[in-house]
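Numbering (my numbering), first residue to last: 661 to 923.
Heads up, the beta-carbon is just placed ideally off N, CA and C, and yes, glycines get one too.
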């Protein structure tokens with residue numbers, strides 16, 4: 661496993677260099693066939709490493725590389741838009757500044773770029789959806805349902821025991837959220853990841869502290885929320901509405917601001 665992780669680190673570096681090359685070269689130089697070859701090679705290695713992570717049962721690595729591949733895709737998309745803009749603007753100058761063509765190109769870039777950045781920079785939902793109902797049992801056999809959290813804000817943290825990069829988020833939430841208002845939900849449906857006592861013990865060892873929050877096996881609940889990344893954290897207000905839902909690694913200060921907004 662250590663060899664595989666070392667290999668994946670190398671692949672990430674190669675992919676990053678390729679992505680940055682494709683992104684920033686057009687700002688100074690014209691596109692060349694060599695740049696395209698670097699980009700293709702980097703993307704190919706990244707996809708390959710993602711599948712390696714998946715098939716060797718390293719799901720944490722699979723999720724990280726999946727996010728990384730999404731970032732590379734956005735960078736390549738931005739590079740193509742820059743290239744098209746330069747091409748149209750230079751063509752417009754040669755033909756007497758075809759203003760309409762330039763304006764159309766810039767408008768198209770702004771439209772697509774705005775949509776792209778919205779997906780990259782924000783993981784919160786604009787609409788306030790209600791947190792779905794649930795009736796589940798925690799690691800100690802205690803029942804938990806939505807009625808227990810009526811008229812009080814709470815936080816629902818979704819992750820899995822194999823997610824090593826999720827640990828800092830749980831640690832931050834434990835520092836911020838009072839006891840009784842944070843629920844830890846497991847998204848993993850396979851039997852080997854369904855022992856909530858084992859997961860809780862693991863998190864207590866790695867965070868070097870006792871955790872006083874319920875750990876609940878809840879793959880169907882996670883599926884109903886259509887999670888695409890882990891960890892995903894739902895900040896629910898006293899009306900049962902989801903106000904924030906950051907996904908992935910999130911700074912503690914942001915998590916604290918989200919909690920203050922619902923509590």
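Taken atom to atom, the span from the alpha-carbon of residue 902 to that of residue 919 is near 12 angstroms. Burial check for residue 812: the Cβ neighbour count within 10 Å stays below 16, so the residue is exposed.
Here the alpha carbons of residue 889 and residue 908 stand approximately 6 angstroms from one another.
If you ignore the 5 residues before and after residue 818, its C-beta comes within less than 7 angstroms of the C-beta of 845, 847, 882, 887, 890, 891 and 892, all in its own chain and listed in chain order. For the set 800, 802 and 816, the Cα lying nearest the Cα of residue 793 is the one of 816.
Every alpha helix (DSSP H) of 4 residues or more that sits fully in the segment 815 to 873 is shown, in chain order, as 827 to 836 and 856 to 867. The Cβ atoms of residue 863 and residue 877 lie no closer than 8 angstroms to each other. According to DSSP, residue pairing for residue 901 in a beta bridge involves 790. Residue nearest to residue 875 within the set 914, 905, 853 and 895 is 853 (criterion: CA-CA distance). The Cβ atoms of residue 836 and residue 915 lie closer than 8 angstroms to each other. Just measuring C-alpha positions, the residue of 884, 820, 923 and 898 sitting nearest residue 850 is 820.
Residue 881: member of the alpha helix (DSSP H) spanning 879 to 884, first to last residue. For residue 796, the enclosing beta strand (DSSP E) begins and ends at 795 to 797. Around the beta carbon of residue 788, fewer than 16 other beta carbons lie within 10 angstroms, which makes this residue exposed. The three-state reading of DSSP puts residue 876 in strand, counting E and B together. The residue among 921, 899, 806 and 860 with its C-alpha nearest the C-alpha of residue 823 is 860.
By the criterion of a C-beta distance shorter than 8 angstroms, residue 791 is surrounded in its chain by 806, 816, 894, 896, 900, 901 and 902, once the five residues flanking it on both sides are discounted. In the structure shown, residue 920 falls within a helical segment according to DSSP collapsed to helix, strand and coil.
Note on residue 905: 16 or more other CB atoms within 10 angstroms of its CB, so buried under the neighbour-count rule.
Going by DSSP, residue 803 is part of the beta strand (DSSP E) stretching over 803 to 805. Note that the C-beta distance between residue 867 and residue 912 is not below 8 angstroms. In the DSSP annotation of this structure, residue 812 is not part of any beta strand (DSSP E), being labelled neither H nor E. Beta-bridge annotation (DSSP): residue 892 is paired with 818 and 907.
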